[in-house]
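Structure, as structure tokens:
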Amino acid sequence: MYEKLIFKEFEYLEKDNHVVILGDSIEVMQHMKSESVDLIFADEPYNIGKDFGNNKDSWNSTVEYIEWNKKWIHEAMRILKTDGTMYLMTATQFMPYIDVFIQENYHVLSRIIWSYDSSGVQSKKMYGSLYEPILMITKSAKSNYTFNSQDILVEAKTGAQRGLIDYRKSPPQPYNTTKVPGNVWEFPRVRFRMNEYENHPTQKPESLLERIIKASSNEGDIVFDPFGGSFSTAATAKKLNRKSISIDLNPEYFKIGLRRLGITHEYNGENLEKKKKRKTTNKSKKDHDLKNESTSDQMELKV
Numbered sequence: 001m002y003e004k005l006i007f008k009e010f011e012y013l014e015k016d017n018h019v020v021i022l023g024d025s026i027e028v029m030q031h032m033k034s035e036s037v038d039l040i041f042a043d044e045p046y047n048i049g050k051d052f053g054n055n056k057d058s059w060n061s062t063v064e065y066i067e068w069n070k071k072w073i074h075e076a077m078r079i080l081k082t083d084g085t086m087y088l089m090t091a092t093q094f095m096p097y098i099d100v101f102i103q104e105n106y107h108v109l110s111r112i113i114w115s116y117d118s119s120g121v122q123s124k125k126m127y128g129s130l131y132e133p134i135l136m137i138t139k140s141a142k143s144n145y146t147f148n149s150q151d152i153l154v155e156a157k158t159g160a161q162r163g164l165i166d167y168r169k170s171p172p173q174p175y176n177t178t179k180v181p182g183n184v185w186e187f188p189r190v191r192f193r194m195n196e197y198e199n200h201p202t203q204k205p206e207s208l209l210e211r212i213i214k215a216s217s218n219e220g221d222i223v224f225d226p227f228g229g230s231f232s233t234a235a236t237a238k239k240l241n242r243k244s245i246s247i248d249l250n251p252e253y254f255k256i257g258l259r260r261l262g263i264t265h266e267y268n269g270e271n272l273e274k275k276k277k278r279k280t281t282n283k284s285k286k287d288h289d290l291k292n293e294s295t296s297d298q299m300e301l302k303v
């Protein structure tokens, strides 16, 4: 079914409705059919100069970085269905620029905060960062987007826990025991000792992705990740009976995707057995899409 979505200029492997593509995400998206995916999760490069092992995640200027963002966002929104949703993550200092751009061209439905534990976050000169922002985006304010609220209910910390009655309602009735989550989400970061851990410096937790995929897609829908990284998006989509398309320029991350999705356990003669390492030596996410003047100095991604 994916022949209609992707031309064969790029190396890719697929199995059971899950596709992993090795290539530049903007170039790949340019070959994809308009309005062909139901949900996009994009954990883009953050441009914060973070050391990913053998490279750093940074552009020459903020202007250059924002212009690159505009290019991939336009392509992503082109291939998103009219009733689809995109969730976008980036660094806190750059989110205001992207937020304004989205407002001018599309529609910001919700601004979400992913709040995580504070271990390892210390600073003597400022307040340490304990969250990352997420934008929930639709093509327009009139989009008939999917939102399965009953699939993501959480415990309501109300009088229901003590069996209290809400007398403000007529007739009086017990407090609700569950509720739809607000826009501050508390999920722990992925740690080395967790089973889901992969050799990637900015891996996102499957619990966060599960909420997004359950809320904004249905079984059988196509979930698209333009910055595959650890391929947690696709792996979670598979568990939830969705289809997936993921892109990554880094061959090492590409192999993670092949293994996690069960597409193949061997690639170019290499056994893709999982080997956990505490420090990654893979390239920065920036290499994922930034066109380099030198073919030997290309860059990468994250999730």
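For the sequence shown, the working numbering assigns the number 1 to the initial residue and increments by one for each residue that follows. Where is the CB? At the ideal position from N, CA and C, for every residue including glycine.
- Pairing ILE66 with TYR97 gives a Cβ-Cβ distance under 8 angstroms.
- Annotation for PHE254: no beta strand (DSSP E) segment contains it, though the alpha helix (DSSP H) segment containing it runs 251 to 260.
- Residue ranges of uninterrupted beta strand (DSSP E) with 3 or more members, entirely inside the segment 169 to 252 and ordered along the chain, are 184 to 186, 222 to 225, 243 to 248.
- Restricting attention to MET89, ASN60, SER61, TRP59, the CA atom closest to the CA of ILE73 is found in MET89.
- Listed in chain order, the non-local C-beta contacts of PHE254 below 6 angstroms within the same chain comprise LEU22, ASP248, local neighbours out to five positions each way being set aside.
- Excluding its 5 nearest sequence neighbours in each direction, LEU240 has C-beta neighbours in its own chain below 6 angstroms: ILE213, listed in chain order.
- Residue state for PRO45 is assigned as coil, using DSSP reduced to three classes.
- Here the C-alpha atom of LYS124 lies approximately 23 angstroms from the C-alpha atom of TRP114.
- Spanning the alpha carbons of GLN203 and GLY229 requires a straight line of approximately 7 angstroms.
- Collapsing the DSSP output to three states places TYR127 in coil.
- For LEU164, the CB contacts under 7 angstroms within the same chain, skipping 5 residues up- and downstream, are TYR175 in chain order.
- In the DSSP assignment, ARG111 falls outside any alpha helix (DSSP H) and within the unbroken beta strand (DSSP E) covering 107 to 115.
- The segment 23 to 30 makes no contact with the segment 209 to 223; the number of CB pairs closer than 8 angstroms stays below 3.
- Within the same chain, TYR175, ASN176, THR177, THR178, LYS179 come within 8 angstroms of ALA156 by CB-CB distance, once the 5 residues on both sides are set aside.
- In the structure shown, ILE73 falls within a helical segment according to DSSP collapsed to helix, strand and coil.
- Distances from the CA of ASN218 to each of GLU9, VAL37, MET32 were compared; the closest alpha carbon is that of VAL37.
- DSSP, reduced to helix, strand and coil, places GLU9 outside both helices and strands of the structure shown, so it counts as coil.
- Taking C-alpha positions only, MET95 is separated from THR62 by approximately 12 angstroms.
- At the C-beta level, VAL190 and PRO201 stay beyond 8 angstroms of one another.
- Annotation: MET32 is outside any beta strand (DSSP E) and is labelled neither H nor E by DSSP.
- Annotation for GLU11: LEU22 place their beta carbon closer than 6 angstroms to its own, counting only its chain and skipping 5 residues before and after.
- Distances from the CA of ASP83 to each of GLU104, THR146, LEU109, ALA76 were compared; the closest alpha carbon is that of THR146.
- The beta-carbon distance between GLU44 and PHE227, rounded to whole angstroms, is 6 angstroms. This is short enough to meet the 8 angstroms contact definition.
- Ranked by Cα distance from ASP225, the first of LYS238, GLU270, GLU35, SER244 is SER244.
- Annotated three-state conformation of TYR65 is helix, per DSSP.
- Here TYR97 carries a helix assignment [DSSP, helix/strand/coil].
- DSSP places THR264 in no beta strand (DSSP E); its state is neither H nor E.
- LYS71 and GLN173 have their C-alpha atoms some 52 angstroms from each other.
- For ARG78, the closest alpha carbon among the candidates SER149, ASN105, GLU252 is that of ASN105.
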